[in-house]
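J.: Numbering (this note's numbering), first residue to last: 3 to 478.
Where a beta carbon is used, it is the ideal one built from N, C-alpha and C, also for glycine.
Small disclaimer: the values here were computed from a predicted structure and weren't measured.
#1: Leaving aside the five residues before and after residue 94 along the sequence, list all residues of the same chain whose C-beta is less than 7 Å from its C-beta, in chain order.
#2: Verify whether the separation of the beta carbon atoms of residue 161 and residue 118 is less than 8 Å.
#3: According to DSSP, is residue 78 part of a helix, a strand, or is it coil?
#4: By the 10 Å Cβ neighbour count, where 16 or more other Cβ atoms means buried, how is residue 417 classified, buried or exposed?
#5: Residues in the same chain with beta-carbon distance under 8 Å from residue 108, minus the five sequence neighbours each way, listed in chain order, please.
#6: For residue 349, which beta-bridge partners are listed by DSSP?
#7: Compute the distance between the beta-carbons of residue 173 and residue 215, then report whether it is under 8 Å.
#8: Looking only at its chain, what residues have a beta carbon closer than 6 Å to the beta carbon of residue 324, apart from the 5 residues adjacent to it on each side?
#9: Are the region 349-364 and the region 387-401 touching, with three or more C-beta to C-beta distances below 8 Å?
#10: Going by C-alpha to C-alpha distance, which of 313, 242, 329, 322 sits closest to residue 275?
#11: Assuming contact is defined by CB atoms lying nearer than 8 Å, are residue 459 and residue 437 in contact in what I supplied?
#12: Can you tell me where the beta strand (DSSP E) holding residue 452 begins and where it ends?
#13: Smallest Cα separation from residue 304: which of 286, 268, 341, 331?
#14: How big is the Cα-Cα spacing for residue 383 and residue 434?
#15: Anyone know if the C-beta pair for residue 233 and residue 239 falls short of 8 Å?
#16: Measuring alpha carbon to alpha carbon, tell me which of 18, 25, 16 ends up nearest residue 352.
#17: Using the Cβ count rule (16 or more neighbours within 10 Å means buried), how would you classify residue 116?
#18: Using DSSP with H/G/I as helix, E/B as strand and the rest coil, what is residue 207?
#19: Can you name the start and end residues of the beta strand (DSSP E) that residue 163 belongs to?
#20: Can you list, in chain order, the residues of its chain whose CB lies under 6 Å from that of residue 268, leaving out five sequence neighbours each side?
#21: How would you call residue 102, buried or exposed, if buried means at least 16 neighbouring beta carbons within 10 angstroms?
#22: Going by C-alpha distance, which of 166, 59, 23, 22 is nearest residue 307?
#23: Of all Cβ atoms in chain D, is any one closer than 8 Å to the Cβ of residue 16?
#24: Evaluate residue 255 with the Cβ neighbour count: other Cβ atoms within 10 Å of its Cβ, from every protein chain shown; 16 or more gives buried, anything less gives exposed.
#25: Are the Cβ atoms of residue 430 and residue 465 separated by less than 8 Å?
#26: Assign residue 21 to buried or exposed, taking buried as 16 or more other Cβ atoms, counted over all protein chains shown, within 10 Å of its Cβ.
#27: Looking only at C-alpha atoms, which of 143, 92, 104 sits nearest to residue 57?
#28: If contacts are defined as beta-carbon pairs under 8 Å, then residue 375 and residue 80 qualify, I think. What distance do you get, rounded to the angstrom?
#29: Would you mind sorting residue 364 into buried or exposed? The rule is 16 or more other CB atoms within 10 Å of its CB.
#30: Please classify residue 135: is it buried, with 16 or more other beta-carbons within 10 angstroms of its beta-carbon, or exposed?
#31: Please classify residue 46 as buried or exposed, where buried requires at least 16 neighbouring CB atoms within 10 angstroms.
#32: Residue 229 lies in the alpha helix (DSSP H); which residues open and close that run?
#33: Where does residue 400 sit, in a helix, a strand or coil, going by DSSP?
#34: If we require 4 or more residues per run, which alpha helix (DSSP H) segments fall completely within the region 291-341?
#35: In whole angstroms, give me the CA-to-CA distance for residue 141 and residue 301.
#36: What number of angstroms, rounded off, separates the C-alpha of residue 5 from the C-alpha of residue 113?
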């Protein structure tokens, strides 16, 4: 196990420090997210119906940034939080969700472009998890404001949502048919993995806002898995069926089962663990550092761009992130090594991405890299140290001049590890937030020995970064 490892006991894993390679991967993610909101440079633009769609690239991008913040820099908001907000806001771009009007018209015989009101869990619930994780780490209620999620169809028609009304729409769709709590992605077609996002969205909204939207839906979905044959006697999940579960149009798939284990780790940890153990016993062999995967036809294709030449990468990434979340660290490491050998990193402009791997594949690989045992489940459950919600934070840093490798608070002080983004020494100013107003702090690792917090708890620190730089603030 690494220092991030965690059993589901409620104890928080340690915060680790990003390596220079980690920071290059993070730079790739940040460059995608911090570009102007109306631009999608570096994203795959193939189609918007299936797995290469922009929405899935945005989902994975936001979740990877969330994991990086959780395991490396929980006391850094700044441009890292801005990047997550941008990914959420980009989900509201019409190019991301306009596909739905065709599916609504063809599947249900009515014209309504609203991608949240009726079904379409593959958009609404994924968006909900993005917001819930962001709000959990950043204590930012920006998406709770009415109209903060504005979906503009044209000059006369817009659909106004916020986190609360989004969660209410998800609940309404899940309760639409008492005999079938899971609701469709494509019209009439249900994918169990998509409905794990629906459950996790409701549970996070309830925790963050004191609502009671989840009710007994976790139990009802669990019962439906067996009653309606979503889960076979051998523990494998059908990837897709009609809503009542009568017709299976997608058989069990290795990556789908791994994805189920990952996202069920919070609401149904017993099923998550059983599913992962079954996959490890039947389909994945680890001999030393060599991984053998059987029964995975998806290894032949990259669903992020439908490449048959460079397939396999997303499979390794999905299995690696599930292995890491479920505490199977040796396998996670071996899969990452396999990924690095077959899709070596290309370095450019301070950023790095896996060569030959789609954007979707790269963000999934980043999720595996920045994850940890039980980390996603604990984020969903809100199992974070109280000190992280009250202690000082690095609230402002220039991007890309300042690369943040570690930022953590004990509730009173702040420990930082920073690098200059260009590699050359740089003079810059850091903005610190949530200090005790009027309190004097000793600063180490910097020419300025002391600072005194303003009345609003803020302070500015001029710093010079030269290679790896440690800076510590502690009250005198």
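T.: With the structure as the only source:
#1: Closer than 7 Å at the Cβ level, and outside the excluded window around residue 94, lie 151, 152, 153.
#2: Yes; because the gap between Cβ atoms is below 8 Å, this pair is in contact.
#3: Reduced to three states, the DSSP call for residue 78 is strand.
#4: Buried is the call here.
#5: If we look at residue 108 and ignore the five residues flanking it on each side, its Cβ neighbours are 189.
#6: Beta-bridge pairing links residue 349 to 354.
#7: Result yes, Cβ atoms of residue 173 and residue 215 sit closer than 8 Å.
#8: Counting only Cβ-Cβ distances below 6 Å, and skipping sequence neighbours, we find 260, 263, 264.
#9: No, because fewer than three Cβ pairs between the region 349-364 and the region 387-401 fall closer than 8 Å, the two stretches do not touch.
#10: Residue nearest to residue 275 within the set 313, 242, 329, 322 is 329 (criterion: CA-CA distance).
#11: Going by C-beta atoms, residue 459 is nearer than 8 Å to residue 437.
#12: Run containing residue 452: 452-454, per the beta strand (DSSP E) assignment.
#13: Check the Cα spacing between residue 304 and each of 286, 268, 341, 331: the tightest is with 341.
#14: Cα-Cα distance, rounded: 28 Å.
#15: The criterion of a C-beta distance shorter than 8 Å is satisfied by residue 233 and residue 239.
#16: Taking each of 18, 25, 16 in turn and checking the Cα distance to residue 352, the smallest one comes out for 25.
#17: Under this definition residue 116 is a buried residue.
#18: In the three-state scheme derived from DSSP, where H, G and I count as helix and E and B as strand, residue 207 is classed as helix.
#19: First-last of the beta strand (DSSP E) with residue 163: 160-163.
#20: Cβ neighbours of residue 268 beyond the five flanking positions: 379, 382, 383.
#21: Its Cβ being crowded by 16 or more others within 10 Å, residue 102 is buried.
#22: For residue 307, the closest alpha carbon among the candidates 166, 59, 23, 22 is that of 59.
#23: Protein chains in the displayed structure number just one, and chain D is not present.
#24: The residue is buried, with at least 16 neighbouring Cβ atoms inside 10 Å.
#25: Here residue 430 is near residue 465, since their CB atoms are less than 8 Å apart.
#26: Only exposed fits residue 21, as fewer than 16 other CB atoms lie within 10 angstroms of its CB.
#27: Ranked by Cα distance from residue 57, the first of 143, 92, 104 is 92.
#28: No, residue 375 and residue 80 are not in contact; Cβ-Cβ is about 27 Å, not under 8 Å.
#29: Around the beta carbon of residue 364, 16 or more other beta carbons sit within 10 angstroms, so the residue counts as buried.
#30: Burial call: buried.
#31: That one is buried.
#32: Here the alpha helix (DSSP H) through residue 229 covers 219-229.
#33: Reduced to three states, the DSSP call for residue 400 is coil.
#34: Listed in chain order, the alpha helix (DSSP H) runs fully inside the region 291-341 are 315-327, counting runs of at least 4 residues.
#35: Their backbone Cα atoms lie some 39 Å apart in a straight line.
#36: Interpretation of residue 5 is limited by its pLDDT of 32, a score under 50 that renders its predicted location unreliable; no figure is taken from the coordinates.
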